[in-house]
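I have placed the structure first, in the form of structure tokens, so that the comments after it can refer back to it.
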Amino acid sequence: MRARSVHWLDHAHAVLSRRRRLFAAGWGDEGVLERVPTIARFSEPPRAAAVAWGRPRADGPVDVTDGSFAAALPGLPPCAGTAFVRRIAPRAPERGRRRPVYVALAASGDEGFAARTRLFRPLAAREGIEVILLENAMYGLRRPPGQRATAIRTVAEHLLMNLSTVEETRALVEHLAREGYERIGVVGFSMGGTSAALAAAVTARPLAVAVFGAGRSAVPVFTEGMLSVSVEFEALGGPAAARARLGVLFGAADLDRHPAPRRLDATVLVGGRRDGYVFAEQVEALHAHWRSSELRWLDTGHAGAVVYQAEALRRAAVDAMARLGA
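Each number in this note's numbering comes from the position in the sequence shown (counting from 1) with 11 added on.
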């Protein structure tokens, strides 16, 4: 990794997260790995998720409702076959058109809904924007037996998680459109930002897009960035060979393999100038591909964006949604 100005909090986070070893069980199911390039094209149109919603419960100025639906991607392990969602909605009903709504996706290691609730609940409480949180396959209630928290055991399982997140996001977007929502967006930080960006690129509907800490490709995240210190390269055949194959597999979902989202004027990218996980040049490369999007810089790193700049992240989401409705 070449010399870069990296925020101290990213260094600290990398040291603390080294215990969460990635790919300790190796590459995993070769059949899954062979299918990755085909799945990553997302050539089939999405089917609307049939969400079964529970009863809402009051939480201050918002209502919280849990729901579930059948996973959209075939081939997931049985434990991940049901997708779980949580809706956070303003209590006061909106007159006329339905209120705007974001599907908010999980960052790496973001198991459950607590972290994203802290980050995105103010959108519902203060801004009148509904938020739907999706639990990733392989995390939380969808974790495979024997997996230690979010330490994904194989490359194949990690790629299934990423690809299923995109398919389930597309299915949720279709569900919301059929429910009558006219202003729909996708939002996410880190891995969630990459998933949100990819979902927007492969969705025909116009969406508001707010992407934090994500770049043109996820490959450098696993092969060069600070997350790579958690990768068990020896279990993958050694660093050199592993980095090469990881580049091929994760590169199949590079964003420049797909068109830009339909509403680039309603797309806001946020990057950290001292990000040790998603390098600034990767954020710039995504902005160059999405030429009419807006790029905002924060003078912080990856972890610091959430710790110190949460309001700036929320503001990007508010602005992107406002432009969709303009």
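Cβ atoms here follow ideal geometry from the backbone N, Cα and C, with glycine treated the same way.
The distance from the Cβ of residue 124 to that of residue 97 is about 5 Å, consistent with a contact at the 8 Å cut-off.
Burial check for residue 228: the Cβ neighbour count within 10 Å reaches 16 or more, so the residue is buried.
For residue 143, no alpha helix (DSSP H) run applies; the uninterrupted beta strand (DSSP E) run containing it begins and ends at 141 to 145, by DSSP. One thing to note: residue 247 has its Cβ within 8 Å of the Cβ of residue 38.
Ranked by Cα distance from residue 176, the first of 86, 278, 148 is 148.
DSSP places residue 243 outside both helix and strand once states are collapsed to three, so it counts as coil. Under the three-state reduction of DSSP, residue 40 is assigned to coil, being neither helix nor strand. Within the same chain, 309, 311 come within 7 Å of residue 320 by CB-CB distance, once the 5 residues on both sides are set aside.
Contact check for residue 218 against residue 272 passes: the beta carbons are separated by less than 8 Å.
Between the stretch 39 to 59 and the stretch 81 to 92 there are three or more inter-stretch CB-CB distances shorter than 8 Å, so the stretches are counted as touching. The DSSP-derived three-state label of residue 178 is helix. Distance from the Cα of residue 328 is smallest, within the candidate group 113, 169, 314, 317, for 113. When Cβ pairs closer than 8 Å are counted between the two stretches, the stretch 195 to 203 is seen not to touch the stretch 162 to 169, the count staying below three. As for any beta strand (DSSP E) of minimum length 3 sitting wholly inside the stretch 110 to 173, the runs are 112 to 116, 141 to 145, ordered along the chain.
Non-local beta-carbon contacts of residue 32 in its own chain, meaning distances under 7 Å to residues more than five positions away in sequence, involve 162, 241, 243 in chain order. Under the three-state reduction of DSSP output, residue 315 falls in the helix class. DSSP places residue 308 outside any alpha helix (DSSP H); the residue lies instead in the beta strand (DSSP E), whose first and last residues are 305 to 309.
Counting C-beta pairs with one atom in each stretch, the stretch 149 to 161 and the stretch 86 to 96 have three or more that are closer than 8 Å, which means they touch. Annotation for residue 250: 244 place their beta carbon closer than 7 Å to its own, counting only its chain and skipping 5 residues before and after.
The residues 219, 331, 334, 335, in chain order, have a CB closer than 6 Å to that of residue 277 in the same chain once the five nearest residues on each side in sequence are set aside. Between the beta-carbon of residue 232 and that of residue 288 there is about 6 Å, and that keeps the pair under the 8 Å contact cut. Of the candidates 239, 41, 27, 188, the residue whose Cα lies closest to the Cα of residue 62 is 188.
Between the C-alpha atoms of residue 265 and residue 129 there is a straight-line separation of about 29 Å.
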